[in-house]
Amino acid sequence: MPLTIPRPFPLQPRIPSLFVIGLLAAQYLVFGLGNSPEPKCSINIERPHYSSYLYEYKKIDAIKLNITTKCNVPQRYTEITSSIQKIENNRQATAHKFESDRRYSKTKSPHVVIFEELYATCVKGSNVAYSGEAKGYIHLKHGQDYPIQGSSGKFVAVSCKIVAK
Numbered sequence: 000m001p002l003t004i005p006r007p008f009p010l011q012p013r014i015p016s017l018f019v020i021g022l023l024a025a026q027y028l029v030f031g032l033g034n035s036p037e038p039k040c041s042i043n044i045e046r047p048h049y050s051s052y053l054y055e056y057k058k059i060d061a062i063k064l065n066i067t068t069k070c071n072v073p074q075r076y077t078e079i080t081s082s083i084q085k086i087e088n089n090r091q092a093t094a095h096k097f098e099s100d101r102r103y104s105k106t107k108s109p110h111v112v113i114f115e116e117l118y119a120t121c122v123k124g125s126n127v128a129y130s131g132e133a134k135g136y137i138h139l140k141h142g143q144d145y146p147i148q149g150s151s152g153k154f155v156a157v158s159c160k161i162v163a164k
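Under numbering that gives the first Met the number 0, read the sequence shown as residues 0 to 164, first letter to last.
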């Protein structure tokens, strides 16, 4: 008796493949785009410090303030107004207020914006305690504005007094 091997019947899809692709695309649009993360942003304000870089390369005595904003979603730009506060006669006062500044995120790091050129000229010799503050908003890529504000925290003594312009 000859041995016969049954031939497999190729399964024919009962639903056309274009229809399945359409269903997958619709599911992605409905569920994929709707689940974008809730925007969460933070601001990091470093303590004001004497800039040895500015002195070494430009011969400028200055107190420098570095600020970074980070989000879990891409941001287009950050706009802030920042200031350096000082302790004078046991009272907090504004030593220097910077003009409103807008910085754009870079293509390589769309979640981060860095402010590094904020400085105020000073005269060396006097110890003064400084702290940094900033307030503003982050404009996210999808159009929403996210308010931010913060400070560097504790006042730190620096051997340079900010002078009025």
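Glycine included, C-beta positions come from ideal geometry on N, C-alpha and C.
Residue burial classification, residue i (beta-carbon count within 10 angstroms, cutoff 16)
i	result
Asn43	exposed
Thr3	exposed
Ala94	buried
Leu64	buried
Cys129	In the sequence as presented, Cys is not what sits at residue 129; that position holds Tyr. So Tyr129 counts as buried.
Glu132	buried
His141	exposed
Gln143	exposed
Contact check, residue i vs residue j, beta carbons under 8 angstroms
i	j	result
Ser51	Ile66	no
Ser125	Lys160	yes
Reduced DSSP category for residue i - H, G, I as helix; E, B as strand; rest coil
i	result
Ile83	strand
Lys140	coil
Ala92	strand
Leu117	strand
Ile44	strand
Ala128	strand
Lys57	helix
Ala163	coil
Interface flag, residue i vs chain C, CB-CB below 8 angstroms
i	result
Ala163	The chain labelled as chain C is not found in the depicted structure, where only one protein chain is given.
Okay, do the region 120–127 and the region 96–112 touch, 3+ Cβ pairs below 8 angstroms being the bar?
The region 120–127 makes no contact with the region 96–112, as fewer than three CB pairs between them are under 8 angstroms.
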